[in-house]
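Chemist:
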């Protein structure tokens with residue numbers, strides 16, 4: 006099966022501890038601990054699947070027991086898993102987070118296997134299975150910042166990505182600066198939060214619209230900047246910046262919200278929504294997700 010969109014990046018196990026209590030460093034409280042398929046690329050793929058698209062996963066997953074279980078879970082969800090790089094000697098990656106009533110308390114992403122696999126994960130885009138240098142993949146690609154800076158730089162200049170509609174998100178603020186090689190890519194749309202926008206620009210911004218203006222001024226082709234429950238912005242070179250405010254909801258979870266926003270925006274544009282309609286649809290989807298109305 007040919008995927009509708011490729012999701013390149015981290016596909017791993019999310020281990021999330023959630024408590025209804027306000028937490029601080031050293032807190033020891035009752036709550037729930039879940040283990041679910043996650044990772045930026047996976048979270049985007051799951052939302053795309055809910056909207057009816059068939060995503061293809063481009064990632065590295067080990068051949069350990071956790072990896073076999075993860076690939077099987079992806080296949081059951083209706084994702085194309087044929088092009089995943091399966092490593093004999095690298096363990097399956099994991100992400101661990103703790104969330105309280107006051108938001109994300111702490112998180113650790115162990116995506117070392119994806120980083121170690123490097124450009125091996127991109128082989129299907131060059132060997133004819135999904136494209137080649139002569140006939141590159143021409144559809145949408147969701148790309149996440151868990152890849153190394155060297156690989157992201159390679160992708161920015163590669164003919165394998167010259168025909169793609171590139172949608173790019175950092176994996177976390179700590180990895181935001183890895184995206185700099187892709188900022189000036191003429192077919193790239195960057196999805197960042199206010200903190201990540203500031204890191205990319207080496208500046209501080211008070212609002213998402215100001216951050217979008219700043220990114221465009223530094224050469225970005227197109228950007229979307231979120232800021233929690235405050236106004237979000239979309240900016241495009243030559244077309245200016247638009248803004249909208251997310252619906253007010255009771256926040257019950259945080260991990261995966263930005264990925265849901267990005268996926269919903271991609272889907273809206275695939276359905277020919279206007280800039281304003283696509284931004285509003287993405288904000289609605291993210292609000293529904295953080296309220297807990299959609300299952301993980």
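Residue numbers (this note's numbering): 6 to 301.
Note that the Cβ used here is the ideal one computed from N, Cα and C, for glycine as well.
Keep in mind it's a predicted model, so treat the numbers as computed, not measured.
How about residue 251 and residue 263: are their beta carbons less than 7 Å apart?
Modeler: no
Chemist: Pull up the CB-CB distance for residue 118 and residue 86, whole angstroms please, since I reckon it's below 8 Å.
Modeler: Incorrect: roughly 16 Å between the Cβ atoms, too far for contact.
Chemist: Assign residue 7 to buried or exposed, taking buried as 16 or more other Cβ atoms, counted over all protein chains shown, within 10 Å of its Cβ.
Modeler: exposed
Chemist: Find the nearest neighbour of residue 113 within the set 227, 287, 44, judged by alpha-carbon distance.
Modeler: 44
Chemist: Rounded to whole angstroms, what is the Cα-Cα separation between residue 72 and residue 149?
Modeler: 20 Å
Chemist: CA-CA distance, residue 14 and residue 295?
Modeler: 23 Å
Chemist: Taking contact to mean 3 or more Cβ pairs, one atom from each stretch, closer than 8 Å, check whether the segment 179-186 and the segment 271-285 are in contact.
Modeler: Counting C-beta pairs closer than 8 Å gives fewer than three between the segment 179-186 and the segment 271-285, which falls short of the contact rule.
Chemist: Just to confirm my understanding: we take residue 141, look at its own chain, exclude 5 residues before and 5 after, and list those with CB closer than 8 Å. What are they?
Modeler: 130, 164, 165, 166, 167, 168, 169
Chemist: Could you tell me which uninterrupted alpha helix (DSSP H) segments, each at least 4 residues in length, are contained entirely in the segment 139-201, listed from first to last along the chain?
Modeler: Counting only runs of 4 or more, we get 154-162.
Chemist: Please confirm whether residue 284 and residue 239 have their CB atoms less than 7 Å apart.
Modeler: yes
Chemist: Provide the residue(s) that pair with residue 41 in DSSP beta bridges, ordered along the chain.
Modeler: 19
Chemist: Tell me whether residue 58 sits in a helix, a strand or coil according to DSSP, three-state version.
Modeler: coil
Chemist: So, are the CB atoms of residue 213 and residue 230 less than 7 Å apart?
Modeler: yes
Chemist: Are residue 102 and residue 26 close, meaning C-beta to C-beta below 7 Å?
Modeler: no
Chemist: Cβ atoms of residue 46 and residue 76: under 7 Å apart, would you say?
Modeler: In this structure, residue 46 does not lie closer than 7 Å to residue 76 by Cβ.
Chemist: Measuring only the C-alpha atoms, how far is residue 20 from residue 137?
Modeler: 36 Å
Chemist: With a threshold of 16 other CB atoms inside 10 Å of the CB of residue 32, please say whether the residue is buried or exposed.
Modeler: exposed
Chemist: Name the DSSP bridge partner or partners of residue 90?
Modeler: 65
Chemist: When you compare only the Cα positions, how much space is there between residue 78 and residue 220?
Modeler: 38 Å
Chemist: Mind reading off the beta-carbon distance from residue 258 to residue 23? Whole number of angstroms is fine, and I expect it under 8 Å.
Modeler: 7 Å
Chemist: Considering only DSSP beta bridges, list what residue 95 is partnered with.
Modeler: According to DSSP, residue 95 bridges with nothing at all.
Chemist: Which residue's Cα is closest to the Cα of residue 37: 95, 62, 104, 211?
Modeler: 104
Chemist: Taking C-alpha atoms, which residue in 270, 297, 67, 116 lies nearest to residue 92?
Modeler: 67
Chemist: Could you give the distance in angstroms between the alpha-carbon of residue 171 and the alpha-carbon of residue 111?
Modeler: 30 Å
Chemist: Go through its chain and collect everything with a Cβ distance to residue 218's Cβ below 7 Å, but skip five positions before and after it.
Modeler: 240, 246
Chemist: In chain order, what residues of the same chain lie with their CB nearer than 6 Å to the CB of residue 193, ignoring the 5 residues before and after it?
Modeler: 171, 173, 187, 226
Chemist: What are the residues that DSSP puts in a beta bridge with residue 283?
Modeler: In DSSP, residue 283 forms no bridge with anything.
Chemist: Using 7 Å as the threshold, is the C-beta distance between residue 201 and residue 236 below it?
Modeler: Going by C-beta atoms, residue 201 is not nearer than 7 Å to residue 236.
Chemist: Whole-angstrom Cβ separation of residue 291 and residue 269, contact assumed at under 8 Å?
Modeler: About 7 Å separates the beta carbon of residue 291 from that of residue 269, a gap short enough to meet the 8 Å contact definition.
Chemist: Along the chain, where does the alpha helix (DSSP H) that runs through residue 76 open and close?
Modeler: 70-81
Chemist: Taking its Cβ as the centre, do 16 or more other Cβ atoms sit within 10 Å of residue 209, making it buried, or is it exposed?
Modeler: Label assigned to residue 209: exposed.
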